[in-house]
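There are 2 protein chains.
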Amino acid sequence: MRERKKARTRAAIQEQALRLFREQGYGNTTVEQIAAAAEISPSTFFRYFPTKEAVVLDDAFDPFPVEAFRAQPASASPIQALRHAMRSTFAQLPAEEAAAQRERDALIRSVPELRARMLDRFGRSIQLLAELVAERTGRRADDSAVRTLAGAVIGVGIAAWFSAPDQSPPDFVAALDEGLAQLESGLRL
Amino acid sequence: MRERKKARTRAAIQEQALRLFREQGYGNTTVEQIAAAAEISPSTFFRYFPTKEAVVLDDAFDPFPVEAFRAQPASASPIQALRHAMRSTFAQLPAEEAAAQRERDALIRSVPELRARMLDRFGRSIQLLAELVAERTGRRADDSAVRTLAGAVIGVGIAAWFSAPDQSPPDFVAALDEGLAQLESGLRL
DNA sequence: CAGCTTCTTGACAGTCACTGCCGTTTGACA
DNA sequence: TGTCAAACGGCAGTGACTGTCAAGAAGCTG
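Chains A and B, in that order, give the protein sequences.
The numbers in our numbering rise by one with no breaks, and the one at position 101 of the first sequence is 101.
The number in our numbering is simply the position in the second sequence, starting from 1, with 1000 added.
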């Protein structure tokens, strides 16, 4: 039952931090303020999160659903498999969490340090996707065709993530799905 | 001729910094050490570079050559235009500078903070490329097909950049060109 | 050449993220 | 209830960065 308390503390820190970031901005909020709002000491803050950035980025969302991707039938192309995996994963996300997700994404996009870290995650997911595609096709992960496919797919994902707020509907998942469909059917321009 | 001295100071800082990073690592090198090696005060360091990271990233290389891209004939497809622009730009890069570039890239890839910032530049270049493609095709930069194309192209660039050291030849430009060729002819996997 | 201005620099003090240590408290468990 | 490890707060220290101020160097003017 120690676990329970730790989970509650962690959630409290994240909640208070995001509230303060919303109210007074990321850069104007100190770790000390977050700790005070969450009723812990600054030392304890760093026991729960390695950096101030992590409070926003941790659990932001998994680069993408590895298991759901692996579960797709072998007959599906890599892009089709990913589209299905994304849809089935995000379909069951509660509307409330989705809204929180969007707000957090907006914060990340607007703060350069956070955005850079987020893009680093996208970058790592190129590697991850390359390995999954390699599994699926029997090729090697460092095969240039595999690498190109993984890069293009994640690149489309990044572009969708960037433009999420501008568009109607402002939905990352929908934008990504549309982009992947275009990528699959060939880029005609 | 004040300009001349400033340029020399700036080059000295960058040179000493990269030397120290090579010898003892990025994280183990302080700005104070860099300043001492370049025979300036720490204050002056920050007058030339806004952050320690900037000493590595500034002038690392332009996301890509805007002018060369614009100069391509309207008959070329966006991907073809970019391939030609990249080739003509990098063809005339002296071998010595290319080697320095590769070393700097290796440093950036190996240090998370630097890598994240670099990827943020790639991310911004999606926006830039989308605008250039919009010019070229008469579509809008927020058109979803334009955005997808820009994302896929830069994604292939990121993937090439990541795998640059692993492959033979370890040449970013060649890997990018190959990836774009694959993207252009359709991703068959 | 002398005087004025402007640019550049170094010194200093201060903030804040983050690290490491140490003594105390607290909760689990015998 | 006593014991032990986990969790905590406090504190000192480092290092990146900011802002300010006064001294020195470089350029221009009369």
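The C-beta atom is built at its ideal place from N, Cα and C for all residues, glycine as well.
All of these numbers come straight from a predicted model, not from anything done at the bench.
Can you tell me the Cα-Cα spacing of residue i and residue j, whole angstroms?
i, j, result
"residue 1114 of chain B", "residue 122 of chain A", "15 Å"
"residue 1068 of chain B", "residue 1090 of chain B", "11 Å"
"residue 78 of chain A", "residue 146 of chain A", "10 Å"
"residue 1006 of chain B", "residue 1013 of chain B", "11 Å"
"residue 205 of chain A", "residue 128 of chain A", "Any property of residue 205 of chain A remains undetermined from this structure, which presents chain A solely from 1 to 189."
"residue 156 of chain A", "residue 163 of chain A", "11 Å"
"residue 1043 of chain B", "residue 1058 of chain B", "19 Å"
"residue 148 of chain A", "residue 74 of chain A", "20 Å"
"residue 1038 of chain B", "residue 1050 of chain B", "16 Å"
"residue 1139 of chain B", "residue 88 of chain A", "33 Å"
"residue 1191 of chain B", "residue 106 of chain A", "Residue 1191 of chain B cannot be examined here, being either before or after the span of chain B that is shown, 1001 to 1189."
"residue 1 of chain A", "residue 80 of chain A", "43 Å"
"residue 177 of chain A", "residue 99 of chain A", "19 Å"
"residue 1136 of chain B", "residue 1070 of chain B", "8 Å"
"residue 1062 of chain B", "residue 1031 of chain B", "25 Å"
"residue 1092 of chain B", "residue 1022 of chain B", "27 Å"
"residue 1076 of chain B", "residue 1159 of chain B", "24 Å"
"residue 197 of chain A", "residue 1187 of chain B", "An answer regarding residue 197 of chain A cannot be provided, because it is not within the stretch 1 to 189 covered by chain A."
"residue 1101 of chain B", "residue 154 of chain A", "25 Å"
"residue 48 of chain A", "residue 182 of chain A", "42 Å"
"residue 1104 of chain B", "residue 1116 of chain B", "15 Å"
"residue 35 of chain A", "residue 1171 of chain B", "48 Å"
"residue 1165 of chain B", "residue 1054 of chain B", "23 Å"
"residue 4 of chain A", "residue 97 of chain A", "21 Å"
"residue 193 of chain A", "residue 24 of chain A", "The structure shown does not extend to residue 193 of chain A, since chain A is modelled only from 1 through 189, so no value can be given for it."
"residue 175 of chain A", "residue 1009 of chain B", "47 Å"
"residue 1120 of chain B", "residue 152 of chain A", "17 Å"
"residue 192 of chain A", "residue 1095 of chain B", "No information on residue 192 of chain A is available, as it lies outside the stretch 1 to 189 that chain A covers here."
Which residue wins for smallest C-alpha separation from residue i, given the options the options?
i, options, result
"residue 1072 of chain B", "B/1086, B/1059 and B/1060", "B/1086"
"residue 1016 of chain B", "B/1045, B/1001 and B/1003", "B/1045"
"residue 29 of chain A", "A/186, A/185, A/111 and A/130", "A/111"
"residue 1040 of chain B", "B/1182, B/1099 and B/1011", "B/1011"
"residue 56 of chain A", "A/20, A/135 and A/188", "A/20"
"residue 1150 of chain B", "B/1117, B/1174 and B/1184", "B/1184"
"residue 144 of chain A", "B/1179, B/1074 and B/1037", "B/1179"
"residue 1189 of chain B", "A/159, A/165, A/161 and A/141", "A/141"
"residue 60 of chain A", "A/25, A/159, A/109 and A/27", "A/109"
"residue 1027 of chain B", "B/1052, B/1036, B/1047 and B/1004", "B/1052"
"residue 1082 of chain B", "B/1132, B/1165 and B/1171", "B/1132"
"residue 1124 of chain B", "A/161, A/101 and A/103", "A/161"
"residue 1126 of chain B", "B/1182, B/1066, B/1187 and B/1172", "B/1066"
"residue 173 of chain A", "A/84, A/24 and A/152", "A/84"
"residue 130 of chain A", "A/54, A/3, A/64 and A/25", "A/64"
Which stretch, first to last residue, makes up the alpha helix (DSSP H) that contains residue i?
i, result
"residue 1034 of chain B", "1031 to 1037"
"residue 6 of chain A", "2 to 24"
"residue 88 of chain A", "78 to 91"
"residue 1180 of chain B", "1172 to 1184"
"residue 1109 of chain B", "1095 to 1110"
"residue 1069 of chain B", "1066 to 1070"
"residue 1044 of chain B", "1042 to 1048"
"residue 1188 of chain B", "First-last for residue 1188 of chain B: undefined, no H or E at that position."
"residue 147 of chain A", "144 to 163"
"residue 54 of chain A", "54 to 57"
Return yes when the C-beta of residue i is under 7 Å from any heavy atom of the ligand GDP, and no when it is not.
i, result
"residue 152 of chain A", "This structure lacks the ligand GDP, and indeed carries no ligand of any kind."
**Q.** the stretch 1146 to 1179 of chain B: positions lying closer than 8 Å to chain A by Cβ
**A.** 1146, 1147, 1148, 1149, 1150, 1151, 1152, 1153, 1154, 1155, 1156, 1157, 1158, 1159, 1160, 1162, 1163, 1166, 1167, 1175, 1178 and 1179
Q: Below 8 Å between beta carbons is the criterion; list the residues of the stretch 62 to 82 of chain A that meet it against any residue of chain B, in chain order.
A: 77, 78 and 79
Q) Using a beta-carbon distance cut-off of less than 9 Å, what residues from the stretch 127 to 145 of chain A approach chain B? A) 127, 130, 133, 136, 137, 139, 142, 144 and 145
Q.
Using a Cβ-Cβ cutoff of 9 Å, what residues of the stretch 25 to 54 of chain A are near chain B? List them in chain order.
A. none
Q: Taking a Cβ distance cut-off of 8 Å, strictly less, list which residues of the stretch 1077 to 1111 of chain B are near chain A, in chain order.
A: 1077, 1078 and 1079
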